[in-house]
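Trainee: Numbering (the working numbering), first residue to last: 1 to 68.
Don't be surprised by glycine CBs; every beta carbon is placed ideally from N, CA and C.
Mind having a look at this structure? Questions to follow.
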Amino acid sequence: MVKFINAAAAVVRQQIPRLVEVALGEKPGDLPVVQSAKFEFIINLKTAKTLGLKFHPQLLATADEIVE
């Protein structure tokens with residue numbers, strides 16, 4: 001009903017430099033862990049309604065996407 005996801009394009013852009021480093025011989029275990037900087041907040045109202053849950057209007061206003 002509520003999901004945070006990585007923006008796919010942002011994840012790809014972040015990982016390309018890591019792939020290049022590995023291709024050039026760097027050990028994957030030696031590379032720093034990179035965390036996504038952008039997430040999308042999605043609320044599924046259909047599932048929430050089925051479960052009998054309600055969301056505050058302010059929370060709905062902050063969602064990137066609302067599935068009805």
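(1) Flag this pair as touching only if the region 58–67 and the region 31–45 have three or more C-beta atom pairs under 8 Å; answer yes or no.
(2) So, with DSSP's three-state summary, where would you put V20?
(3) So, with DSSP's three-state summary, where would you put V11?
Mentor: In short:
(1) yes
(2) Sequence index remark: in the sequence shown, residue 20 carries index 20 (1-based). DSSP places V20 in helix when its eight states are reduced to three.
(3) Your numbering for residue 11 matches position 11 in the sequence shown. Helix, per DSSP.
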